[in-house]
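> Reading the sequence shown from the start, the letters are residues 20 to 189 in the working numbering. Virtual Cβ for every residue (Gly too), placed ideally from N, Cα, C. Here the structure is a predicted model, which means the values were calculated and not measured. Structure provided below as structure tokens; questions to follow.
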Amino acid sequence: MKIVLFGFPGTGTSSVGRCLASDLGCPFVDVDELFAAEQGDRRRHFALVEGEESVRRLEREAVARALRSGDCVIAAGAAEVPRETLLSAGDVEAVLLTAEPAMVLARTAASLEERISSLKSRDAIETVRVLMRERERRFPPCRLRLDTTSLTPEESARRIRDALRHPPAG
20 MKIVLFGFPG TGTSSVGRCL ASDLGCPFVD VDELFAAEQG DRRRHFALVE GEESVRRLER
80 EAVARALRSG DCVIAAGAAE VPRETLLSAG DVEAVLLTAE PAMVLARTAA SLEERISSLK
140 SRDAIETVRV LMRERERRFP PCRLRLDTTS LTPEESARRI RDALRHPPAG
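What follows is the structure, given as structure tokens:
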């Protein structure tokens, strides 16, 4: 089985993905790491020069390659992957990770001062809320949705693993 984790930055796709892959004993593929390995650590520059759509295209291609590599856990993050790409890959489960905007800000802030400053800003929290809602509409349909706000990566991985092993009756 291939498991693809989608989510806004700070929801835990990379950290949860690593834990989940370890639990399942399968390879882990991080689309952000693939991008950095192939394009250098210059994502922001690449987006400015080549355009955001070029970044999205490279992300889609990276996910498609990972899906062809066999059973694995893929941290797709905010990559926009067409539903057809997932369907054509066979045995794929798509999972959407979410978190409260304040937690997203706390997890993605580079320093303690940045965290404190952003958490005090209602504008920052509302901006993240709007961006998350906008981005979520671009993700493919996901069978499982998990709020990671109060969970560790290990707890999140366990919940995903258990939910996929024991799908709801119906």
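Based on the DSSP secondary-structure assignment, which residues constitute the bridge partners of Ala113?
Per DSSP, Val23.
> Let's test the definition: count the other Cβ atoms within 10 Å of the Cβ of Leu24 and tell me whether it reaches 16, buried, or not, exposed.
Answer is buried; the Cβ neighbour count reaches 16.
> Taking 6 Å as the limit between beta carbons, can you name the residues of its chain near Ala118, skipping five residues before and five after?
Excluding positions up to five away in sequence, the list reads Thr30, Thr167 and Thr168.
> My output table needs one value for Gly29: the three-state DSSP class, helix, strand or coil.
It is coil, neither helix nor strand.
> Please classify Met20 as buried or exposed, where buried requires at least 16 neighbouring CB atoms within 10 angstroms.
It is exposed - the Cβ of Met20 has fewer than 16 other Cβ atoms within 10 Å.
> Nearest-angstrom Cα distance between Asp90 and Asp110?
Looking at the two C-alpha atoms, the distance is approximately 9 Å.
> Nearest chain D C-beta to Val82 closer than 9 Å, yes or no?
No chain D is part of this structure, which consists of one protein chain only.
> How far does the beta strand (DSSP E) with Leu170 in it extend, from its first residue to its last?
Note, Leu170: premise wrong, no beta strand (DSSP E); not H, not E.
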